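Trainee:
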Amino acid sequence: MRGSSFLRVGQAGFKSLRLHKLRSMLTMLGMIIGVWAVITLVAIGEGASYDAQEAIKALGANNIIIRSMKPMEDKVQIQGEMQWVSHYGLTNADAARILKTVPGVKRVLPILIHRKNVLHGKRNVDCRLVGTYPHYPSFTQSRIVAGQFVNEIEEARRENSCVLSHDLAKKLFAGENPLMETVTVRGFESWQVFRVKGILEVRTDLEKLPKNSN
25 MRGSSFLRVG QAGFKSLRLH KLRSMLTMLG MIIGVWAVIT LVAIGEGASY
75 DAQEAIKALG ANNIIIRSMK PMEDKVQIQG EMQWVSHYGL TNADAARILK
125 TVPGVKRVLP ILIHRKNVLH GKRNVDCRLV GTYPHYPSFT QSRIVAGQFV
175 NEIEEARREN SCVLSHDLAK KLFAGENPLM ETVTVRGFES WQVFRVKGIL
225 EVRTDLEKLP KNSN
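Residues 25 to 238 (our numbering) are what the sequence shown spells out, left to right.
(1) By the 10 Å Cβ neighbour count, where 16 or more other Cβ atoms means buried, how is residue 160 classified, buried or exposed?
(2) Please report the distance separating the alpha-carbon of residue 51 from that of residue 58.
(3) Please name the residue in 120, 197, 92, 211 whose C-alpha comes closest to that of residue 113.
(4) Roughly how many angstroms separate the alpha carbons of residue 126 and residue 162, rounded to a whole number?
(5) Starting from residue 148, follow its DSSP beta bridges and name the residues at the other end.
(6) At the level of alpha carbons, what is the spacing between residue 225 and residue 202?
(7) If residue 209 sits next to residue 220, beta carbons under 8 Å apart, how far is it from one beta carbon to the other, in whole angstroms?
(8) Taking residue 197 as part of the alpha helix (DSSP H), name the residues at either end of that continuous run.
(9) Rounding to the nearest angstrom, what Cα-Cα distance links residue 156 and residue 65 in this structure?
(10) So, helix, strand or coil for residue 218, using DSSP?
(11) I'd like the span of the beta strand (DSSP E) that includes residue 206, first residue to last.
(12) What would DSSP say about residue 66, mapped onto helix, strand or coil?
(13) Considering Cα atoms alone, identify which of 175, 217, 39 is closest to residue 142.
Listed below in structure tokens is the structure:
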């Protein structure tokens, strides 16, 4: 008896679907669109989560970034002239003190960032100039794709050696081999020439750092 009741209900349902084909099609289409929308939103959420995890992994899950903030500029007297001079930010002594006194800190990486013009031939690119130490690639999980990074000997001798990001190398050299070539950086008071030691594929999101930071 119960089986025949289910059969009658099923027959009535199929009959209704045949009689109202447009309504049935719209209902089915609505269900398909709803399921597709849910799947799409879940996929977008998973993708955003993956990107965020990769960004954190690139920075280092256990890394803490300390940034200095530029204070109000004060006029100071230098050699009889009134000039604007800023003295602020963390120093190497501060980094050494943090490494020595803060529990759990295993290593530190001082970084100084300035916005400068870099030239090669007739090409002039405004970019971020990053001053740092030889252990920068291992600290930030950045990869050297050509040449090598600045080493401890060059650091001790204060040699004008540099490494270019892959994007900057393309803009300055336009397909040419930049290794052991020179680029010119516009400094505060003069132009300085640097020899290119390598090409770096940067994974750390330096674009989120201030234009002038240390």
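Note that the Cβ used here is the ideal one computed from N, Cα and C, for glycine as well.
Every value quoted in this text rests on a predicted model; they were computed, and no experiment measured them.
Mentor: Taking the geometry as given:
(1) buried
(2) If I take the Cα positions, the gap works out to 11 Å.
(3) 92
(4) 22 Å
(5) 143
(6) 15 Å
(7) Incorrect: roughly 12 Å between the Cβ atoms, too far for contact.
(8) 190 to 197
(9) 41 Å
(10) If DSSP states are grouped into helix, strand and coil, residue 218 belongs with the strands.
(11) 206 to 210
(12) helix
(13) 217
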